[in-house]
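Below is one structure, written out as structure tokens; the observations come after it.
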Amino acid sequence: RSMADAVVREGKGNGTGRETWPASLVLFQYLKRTIKDFSRYVVVEVGAGTGYLSLNLAKHGAKKVVATDHDSAILKNLRQSVHINKVQKNMRVYKWDWNLGMPSVLTDLLSSHGPKKKKKGLGRGISNAHD
Numbered sequence: 215r216s217m218a219d220a221v222v223r224e225g226k227g228n229g230t231g232r233e234t235w236p237a238s239l240v241l242f243q244y245l246k247r248t249i250k251d252f253s254r255y256v257v258v259e260v261g262a263g264t265g266y267l268s269l270n271l272a273k274h275g276a277k278k279v280v281a282t283d284h285d286s287a288i289l290k291n292l293r294q295s296v297h298i299n300k301v302q303k304n305m306r307v308y309k310w311d312w313n314l315g316m317p318s319v320l321t322d323l324l325s326s327h328g329p330k331k332k333k334k335g336l337g338r339g340i341s342n343a344h345d
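Residues in the sequence shown are numbered consecutively from 215, following our numbering.
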């Protein structure tokens with residue numbers, strides 16, 4: 215039996231993060247087809263918005279998922295989605311204003327998965343739009 219995708223709430227907050235971008239849908243479908251076991255993956259999503267990608271990776275068993283954004287309303291909405299989808303065990307949400315550098319929680323996470331660990335980066339439709 216296939217696991218259902220995460221429930222995502224849209225329309226909260228300002229800017230580009232109020233809706234799920236098609237690139238997130240496509241990237242998740244690709245990852246689901248190509249990765250059979252997400253349990254060894256640590257994921258950091260920059261500019262998570264509605265959190266579609268992060269929520270789905272957490273729901274499908276990623277070891278740890280960190281979703282970041284800068285808008286307070288978007289972050290509140292994303293935290294509510296974490297609870298709705300019951301992924302509190304392996305997913306956290308943090309504020310990250312790209313103009314202020316990387317928050318210590320992320321530098322700690324990345325260093326704990328150290329230079330000897332393999333790291334892969336994926337990108338999808340990131341925009342730095344200003345109001």
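Beta carbons are placed, not taken as given, at the ideal position from N, Cα and C, and that holds for glycine.
All of these numbers come straight from a predicted model, not from anything done at the bench.
Cβ of phenylalanine 252 within 7 Å of Cβ of glycine 275?
Yes. Within cutoff.
Could you check how far apart the C-beta atoms of valine 301 and leucine 323 are, in whole angstroms? I think they sit under 8 Å.
That belief does not hold up - the Cβ atoms of valine 301 and leucine 323 are roughly 17 Å apart, past 8 Å.
According to DSSP, which residues form a beta bridge with tyrosine 308?
The partner list for tyrosine 308 (beta bridge, DSSP) reads Thr282.
Using a 10 Å radius around the Cβ and a threshold of 16 neighbouring Cβ atoms, would you call aspartate 311 buried or exposed?
With fewer than 16 Cβ atoms within 10 Å of its Cβ, aspartate 311 is classed as exposed.
Does alanine 281 pass the burial test, meaning 16 or more other C-beta atoms within 10 Å, or should it be called exposed?
By the 10 Å Cβ count, alanine 281 comes out buried.
Mark valine 257 as exposed unless 16 or more other C-beta atoms lie within 10 angstroms of its C-beta, in which case mark it buried.
With 16 or more other Cβ atoms within 10 Å, it is buried.
If we call anything under 7 Å between Cβ atoms a contact, is valine 265 one with leucine 289?
For clarity, residue 265 is glycine in the given sequence; the question names valine instead. Against a cut-off of 7 Å, the Cβ pair of leucine 289 and glycine 265 comes out as no contact.
Might you give, ordered along the chain, the residues of its own chain that have their beta carbon closer than 6 Å to the beta carbon of alanine 272, omitting 5 neighbours on each side?
Same-chain partners within the cutoff: Val279, Val301, Asn304 and Met305.
To the nearest angstrom, how far is the alpha carbon of threonine 234 from that of isoleucine 249?
Cα-Cα distance, rounded: 22 Å.
Look up valine 256 in the DSSP assignment and say whether it is helix, strand or coil.
Valine 256: strand per DSSP, three-state reduction.
Rank Ser295, Tyr255 and Gly261 by C-alpha distance to the C-alpha of histidine 220 and give the top, closest one.
The residue you asked about is not histidine; residue 220 is alanine in the sequence shown. When each option's Cα is compared against that of alanine 220, the closest is Ser295.
Enumerate in chain order the residues of its own chain whose CB-to-CB distance from valine 224 is below 8 Å, with the five nearest sequence positions on each side excluded.
Going by the sequence as given, residue 224 is glutamate instead of valine. Excluding residues within five positions, the ones whose Cβ falls inside 8 Å are Arg232, Glu233, Thr234 and Thr264.
Take phenylalanine 242 and list the residues in its own chain whose beta-carbon comes closer than 6 Å to its own, dropping the five residues that flank it on each side.
For phenylalanine 242, where only same-chain residues beyond five positions count, the Cβ hits under 6 Å are Leu267 and Asn270.
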